[in-house]
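Asker: Sequence order for the protein chains is A and B.
Under the numbering used here, the first sequence is numbered contiguously, ending at residue 1145.
Under the numbering used here, the second sequence is numbered contiguously, ending at residue 1564.
C-beta atoms are modelled at their ideal positions from N, C-alpha and C, and glycine is treated no differently.
Handing you this structure, nothing more for now.
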Amino acid sequence: MCLKRNLLLIVTYSLLAVLTLLLCPAIGAESLDLNLIIQDILNGDLSQIDTDIFIDQRVPRVLLAFFAGSALAVVGNTFQVILRNPLATPYTLGVTGGSSVGAYLAIAFPAVASMLGKVGSVQLMSMAGAGLIGVLIYTASRQRTGLSMHTMLLAGVTTSIMCGAFIMLIRYLTKPHLLVSLDRWTMGRLDTVGYSCFYSMVPLTAIGLIMIGYHIRSLNHIALGEEMALGHGIDVARVQKYCFIGGSIVTAAVVSVAGPIGFIGLIVPHVVRKLSGYDNRIVIFGCFCLGGAFLVICDTIARTIIAPTEIPVGIITALVGGPCFIYLLVKRK
Amino acid sequence: MNDRLLQIQGVSYTYNRPGWKLDQISLDINKGDFVAIAGANGSGKSTLLKIMAGILLPERGQITLKDCPIKNIPRKLLARQIGYLPQQVNFVFNINVNELVLMGRFCHSKGLGISTANDRTIAEQCMDITEVSVFKERAMNELSGGERQRVLLASVLAQQPEIMLLDEPVNGLDMHHQISFFKLLSQLCAEGMTIVIITHDLNFASQFCDKILLLNKGKKEIYDSVEKAFEQIEQRKTYLQDMILLRHPINGKPMLLPYGCSDRENG
């Protein structure tokens, strides 16, 4: 491991993240007078419209996008490593399917959902669905020596398909005017006012990311296969368990707030690995910074390109990210 | 008097397939031994080696390392004493030689595990021993089979274990590389390392190893010094079907030579 090169990478990734976090709140459909806003904030006066838009809409939205993006990218990388499958994403393991079914139930049957009170909210129903599927997959993959990643992958893909069927059933049964809401949820969205979404997502995400981060070194060894990792002295069963649970918590937390925003969890880890090599200590940090920056940029495009209206950010991530990734693949040849 | 290092006591193991069982294997491995495990496909060689490495837990019996049951030793501490090289290592993500060898230092490191100067020196030494230093910046996926095996061995060596358990490390290597691999291992043994290796080639075992363990259908058939093991093999005529036992013209060690008794030649 070349320390100098890694330090340079860490600084570059951090700078990119900080730059997007600073610049993107200033960009938007409404042009804001930044000097005025800075002065207002310094004076503690938040009553001006520009300042209000900045503090209550732009900043929370950019923060939400950043943490959702970084969390999805980190989990994508973690799942690719523990499943030893470069095609894995945070959504591979079916948790998102459960999450979607929960959210769909809450949106499609508002009467039933309102009877459940707060529990019936889209966010909590989505969390509940994710939790249920997570427990199911975990139980199915347990074996004598820990978790079977093979079973986990197959069980995950199968439950995803089953959830897909369930979603179609809900769509079939629901009233037509609610279909639009269902579709909008599926496309992923980050429109938020105030910080409630951010606060409800970040603590859970942080817990999950800490669970993964604690095993960051072991992931390098796990990528060589379970036996080699055990030989190197890694407690493989423990790492797999914590990474699966942590990753599922993060995915559920993000999806329940922002919907299943696609593509980030797949390509950001690959891009980071191409830029910074193999070591997960750097890759996960890179995923955190670049995943966040990427979603913030995509969301900025989503909310400005056809202003005053917006495009769902899930569409932009695939349309911007896809060609970039293919370019990287072709360039390597 | 030899020091007993690894003791296998009545170890049994079954998979979820009926009719096969690793059955009550007991043996001692002493410090400095170079043991070859041989046997037909499906005789339980890899299973036994995995149990010895603590990768699989035996259903009955136990493995002790210097009289301490290995199941009581934390995985990281165990890796400082037992190095294990699995039969197959696939590289899903591209990792370079130097990084892989340094990863062997995991069991000696703490925290984030930023490699120390000492780690790097040891990794360099291990790469020198296995002669992989020249391509240490190359990616594992770009190497030939023999080069890969030598890098993997360097990674296990970097753990600085007392005993190495190697599962068919010379599979797929050409004759010259097999010889240099075995020479390297026997040199390590001479320096005090204990090695257990799975191999199908009893001639290599005869030339380089001290002891042979022959497994048959999950049972220990022979475990003895090379000379005595071959004597027993000779007595069991079934094993010598289509083979003849000879002596090496230079060092007189036993060796097996296959012969084809096709009708075309005889008749």
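#1: Hey, is T832 of chain A's beta-carbon within less than 9 Å of any beta-carbon in chain B?
#2: Helix, strand or coil: which one does DSSP assign to I1024 of chain A?
#3: With a threshold of 9 Å between beta-carbons, can M1400 of chain B be considered close to chain A, or not?
#4: How would you call S1503 of chain B, buried or exposed, if buried means at least 16 neighbouring beta carbons within 10 angstroms?
#5: I'd like to know whether the C-beta of E1396 of chain B is nearer than 9 Å to at least one C-beta of chain A.
#6: Determine the burial state of Y1026 of chain A: buried for a count of at least 16 other Cβ atoms within 10 Å of its Cβ, exposed for fewer.
#7: Does the CB of P1072 of chain A have a neighbour CB from chain B at under 9 Å?
#8: By Cβ distance below 6 Å, which residues in the same chain neighbour A1451 of chain B in space, the five residues on each side in sequence not counted?
#9: Report the rounded CA-to-CA distance for I1541 of chain B versus I1530 of chain B, giving the unit in angstroms.
#10: Report back the beta-carbon spacing between N1393 of chain B and A1436 of chain B to the nearest angstrom; my notes put them in contact at under 8 Å.
#11: Which ranges would you report for the beta strand (DSSP E) in the stretch 1526-1559 of chain B if only whole runs of at least 3 residues count?
#12: Counting C-beta neighbours from all protein chains within 10 Å, is the total for R817 of chain A 16 or more, i.e. buried, or is it exposed?
#13: Should G1146 of chain A go down as buried or exposed, given a rule of 16 or more other Cβ atoms within 10 Å for buried?
#14: Would I1367 of chain B pass as an interface residue toward chain A - the criterion being a Cβ-Cβ separation below 9 Å?
#15: Could you tell me how far apart the beta carbons of G1074 of chain A and A1130 of chain A are, in whole angstroms, since I believe they sit closer than 8 Å?
#16: Could you pull out every residue in the same chain whose Cβ sits closer than 8 Å to the Cβ of I1405 of chain B, ignoring the five residues on either side in sequence?
#17: Just to confirm my understanding: we take R1402 of chain B, look at its own chain, exclude 5 residues before and 5 after, and list those with CB closer than 6 Å. What are they?
#18: Which term fits Y1556 of chain B, buried or exposed, when burial requires 16 or more other beta carbons within 10 angstroms of its beta carbon?
#19: For G1515 of chain B and K1086 of chain A, I'd like the C-alpha separation in whole angstroms.
#20: Between which two residues does the alpha helix (DSSP H) holding Q1052 of chain A run?
#21: Applying the 10 Å Cβ sphere with the 16-neighbour rule, what's the burial state of M1298 of chain B?
#22: Throw me the rounded Cβ distance for the Q1319 of chain B and V1308 of chain B pair, which I believe falls under 8 Å.
#23: Could you check if Y916 of chain A is buried or exposed, using at least 16 other CB atoms within 10 Å of its CB as the buried criterion?
#24: May I ask which residues mark the beginning and end of the beta strand (DSSP E) holding F1331 of chain B?
#25: Which residues of chain E have a Cβ atom closer than 8 Å to the Cβ of N1313 of chain B, listed in chain order?
#26: Evaluate G1564 of chain B with the Cβ neighbour count: other Cβ atoms within 10 Å of its Cβ, from every protein chain shown; 16 or more gives buried, anything less gives exposed.
#27: Could you check whether G1058 of chain A and T901 of chain A sit closer than 9 Å to each other, using their CB atoms as the reference points?
#28: Does any C-beta atom of chain B lie closer than 9 Å to the C-beta of A940 of chain A?
#29: Can you confirm whether G1089 of chain A, when its beta carbon is compared against all beta carbons of chain B, has any partner nearer than 9 Å?
#30: Hey, quick one: how far does the beta strand (DSSP E) through M1400 of chain B stretch, first residue to last?
#31: Per the contact definition of three or more C-beta pairs closer than 8 Å, is the stretch 881-898 of chain A in contact with the stretch 935-953 of chain A?
#32: G1045 of chain A lies in the beta strand (DSSP E); which residues open and close that run?
#33: So L1409 of chain B contacts chain A; which residues on that side make the cut at Cβ distance below 9 Å?
#34: Cα-Cα, which of A:M1040, A:L1140, A:T1121 and A:T1112 is closest to I1079 of chain A?
#35: Measure the Cβ-Cβ separation of F1479 of chain B and F1505 of chain B and say whether it is below 9 Å.
#36: So R817 of chain A contacts chain B; which residues on that side make the cut at Cβ distance below 9 Å?
Answerer: Checking against the coordinates, here is how it stands:
#1: no
#2: helix
#3: yes
#4: buried
#5: yes
#6: exposed
#7: no
#8: V1398, C1423, M1424, T1427 and V1429
#9: 11 Å
#10: 5 Å
#11: Runs of the beta strand (DSSP E) spanning 3 or more residues and lying entirely within the stretch 1526-1559 of chain B occur at 1540-1544 and 1551-1555, in chain order.
#12: exposed
#13: Beyond the ends of chain A as shown, which are 813 and 1145, falls residue 1146 of chain A; an answer cannot be given.
#14: Put simply, the CB of I1367 of chain B is far from chain A, with every gap to its CB atoms at 9 Å or more.
#15: 6 Å
#16: In the sequence under discussion, the amino acid at residue 1405 of chain B is His, which differs from the Ile named in the question. Counting only Cβ-Cβ distances below 8 Å, and skipping sequence neighbours, we find R1377, D1416, Q1456 and Q1457.
#17: D1416 and A1455
#18: exposed
#19: 46 Å
#20: V1048 to A1070
#21: In this prediction, M1298 of chain B scores a pLDDT of 44, lower than 50, which makes its location untrustworthy; no coordinate-derived value is stated.
#22: As written in the sequence, residue 1319 of chain B is Leu, which differs from the Gln given in the question. Their Cβ separation, rounded to whole angstroms, is 7 Å, which keeps L1319 of chain B and V1308 of chain B in contact under 8 Å.
#23: buried
#24: F1331 to G1336
#25: Looking for chain E here will not work: the only protein chains present are A and B.
#26: Caution applies to G1564 of chain B, whose pLDDT of 45 falls short of 50 and renders its modelled position unreliable; the value that the coordinates give is listed next. Exposed is the call here.
#27: no
#28: no
#29: With respect to chain B, the C-beta atom of G1089 of chain A has a partner C-beta closer than 9 Å.
#30: Per DSSP, M1400 of chain B belongs to no beta strand (DSSP E); it is in the alpha helix (DSSP H), V1394 to M1400.
#31: The stretch 935-953 of chain A is not in contact with the stretch 881-898 of chain A.
#32: Per DSSP, G1045 of chain A lies in no beta strand (DSSP E) and is assigned neither H nor E.
#33: I1028, R1029 and R1093
#34: It is A:L1140.
#35: yes
#36: In chain order: nothing, as chain B lies at least about 12 Å away.
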